[in-house]
Each structure stands twice: as C-alpha cells, then as structure tokens.
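Worksheet for the structure shown next.
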Amino acid sequence: MGAPALGALVLAGGAARRMQGQNKALLRLEGRTFLERLAEAFDGFDERLISTNDASFAAGSPFVPVADRTPGRGPLEGIASALAVCKSDGLVVAACDMPLFSADLARFLAQAAQGHPAAACEDRAGRLHPLCGVYMKTCLPALDAALGQGRLRMMDAFFEIGGAAVPLGGTAFADSVLTNINTPDALEKLIDTP
Numbered sequence: 189m190g191a192p193a194l195g196a197l198v199l200a201g202g203a204a205r206r207m208q209g210q211n212k213a214l215l216r217l218e219g220r221t222f223l224e225r226l227a228e229a230f231d232g233f234d235e236r237l238i239s240t241n242d243a244s245f246a247a248g249s250p251f252v253p254v255a256d257r258t259p260g261r262g263p264l265e266g267i268a269s270a271l272a273v274c275k276s277d278g279l280v281v282a283a284c285d286m287p288l289f290s291a292d293l294a295r296f297l298a299q300a301a302q303g304h305p306a307a308a309c310e311d312r313a314g315r316l317h318p319l320c321g322v323y324m325k326t327c328l329p330a331l332d333a334a335l336g337q338g339r340l341r342m343m344d345a346f347f348e349i350g351g352a353a354v355p356l357g358g359t360a361f362a363d364s365v366l367t368n369i370n371t372p373d374a375l376e377k378l379i380d381t382p
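Sequential numbering from 189 applies to the sequence shown in this note's numbering.
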C-alpha cells in the first residue's frame, strides 16, 4: 500500500480583526501576496483548496474555494468543510497568514503524518501549531461530532482525534516557518527582518 494522496488547504476564513479587517491572504512580502507564496508552496499538489467565505479574492489563484458549511465556527469548521468535499485522502493545512510556509515544509509534514489521523508542527519551545499540519479524511466524523457539540477549540479537537506532534527540533527548519502575521506590527517586523 502506498502513501495516502494528500491535497492542500489554505485556511483564510478569519475576520482579521487585529489586521483592521485587511484580508491577510492579500498581504505582501517581497512583492508577492501571502496567497501567491502559499500557491508556490503547494505547487506540487493536485488538489488545492482554500477555506473562505469570500471566494472573490481567490479568483485567478490555483485554489478552489470551499465555504464553511456553518459560518462562524472558526478553523475547525474550515478544515472539516474542506475534508467533507476533498477528493484526496487528507489535506496538508496552512493558515493564510503564514508567509514563510514552504514546499519543503509541506513535503516534510506529508511524510511525518503517515500513519496518523492528524499531525501538526511543534516548535522548539514545545508549542503545537494545529493550523500547520495534516488532517486525514478519517478524522472527519470526530471533527463533525466536536462541531455538533459546540466544541470549537482546534487544540482540543486535535488531541481528541489522536493527532501527532511533529517537532521541528532536530530538523533544518527554523521555527520562523511557523510565523503567522496577525497585526500590522508583526508584518512590519517580518519585513524588516534580514
């Protein structure tokens, strides 16, 4: 039996309140939008989805928009909605505000997730990043059960489905690949970093 076929999912459904409502997928770093950078990172994937309730900004991108089945329930709903419609066995997931996510990290996650219903990056400080990981279709019933009970915390759901931490310690990946940009100050700091 070969490795499962994985698609890609960008989570872009947040309200971006800390960015004053600016769509984080359209923020720019080094002349490219975050969405363009993620499109490059996921270039080798046959199925590329984007979780959003505003499909207009994804026009012209390689990502197929997937709306939340029930809006307002956060990233857990975005992942579950995408798993419900994807053709792949699972999805490598990255949040739209992760401009340093790379093709190498996507491949690393896909490899590390084999044999697990879900897997997510863990930085060197031991902090888990459940919005940078892999979710298999087999975990959809458990995600739907959590959503149905109003349990929306991503971290709780991750552990309930038996997700595995994928430590970056001991790899060539710097913790900075997990950087997410939530505020104008964070974007400015990233731009100013040599």
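Each residue gets a CB set at the ideal place from its N, CA and C atoms; glycine is no exception.
Asked, Found
"Taking three-plus beta-carbon pairs below 8 angstroms as touching, is the region 193-201 in contact with the region 272-284?", "yes"
"Who are the Cβ neighbours of residue 375 in its own chain at under 7 angstroms, not counting the five residues just before and after it?", "215 and 369"
"In this structure, how does DSSP classify residue 221 when only helix, strand and coil are distinguished?", "strand"
"Grab the span of the alpha helix (DSSP H) containing residue 288 for me, first residue to last.", "Per DSSP, residue 288 belongs to no alpha helix (DSSP H) and is neither H nor E."
"Enumerate in chain order the residues of its own chain whose CB-to-CB distance from residue 300 is below 7 angstroms, with the five nearest sequence positions on each side excluded.", "307 and 354"
"For residue 264 versus residue 334, is the C-beta distance shorter than 8 angstroms?", "yes"
"DSSP state of residue 276, grouped into three classes?", "coil"
"From what residue to what residue does the beta strand (DSSP E) around residue 310 run?", "306-310"
"Output the boundary residues of the beta strand (DSSP E) element that contains residue 196.", "194-199"
"Determine the DSSP secondary structure at residue 379, reduced to helix, strand or coil.", "helix"
"If I'm right that residue 346 touches residue 318 with Cβ under 8 angstroms, what's the distance once you round it to whole angstroms?", "5 angstroms"
"Can you look up residue 239 in the DSSP assignment and give me helix, strand or coil?", "strand"
"Residues in its own chain within less than 6 angstroms of residue 255 by CB, not counting five upstream and five downstream?", "241"
"From residue 249 to residue 315, what does the alpha carbon distance come to, in whole angstroms?", "31 angstroms"
"Which residues in the same chain as residue 332 place their Cβ atom closer than 7 angstroms to its Cβ, once the five residues preceding and following it in sequence are excluded?", "268"
"Starting from residue 329, trace the alpha helix (DSSP H) in both directions and tell me its first and last residue.", "328-336"
"Report the three-state DSSP secondary structure of residue 321 (helix, strand or coil).", "strand"
"Span of the alpha helix (DSSP H) holding residue 246?", "Note, residue 246: premise wrong, no alpha helix (DSSP H); not H, not E."
"Does the beta-carbon distance from residue 196 to residue 235 come in below 8 angstroms?", "yes"
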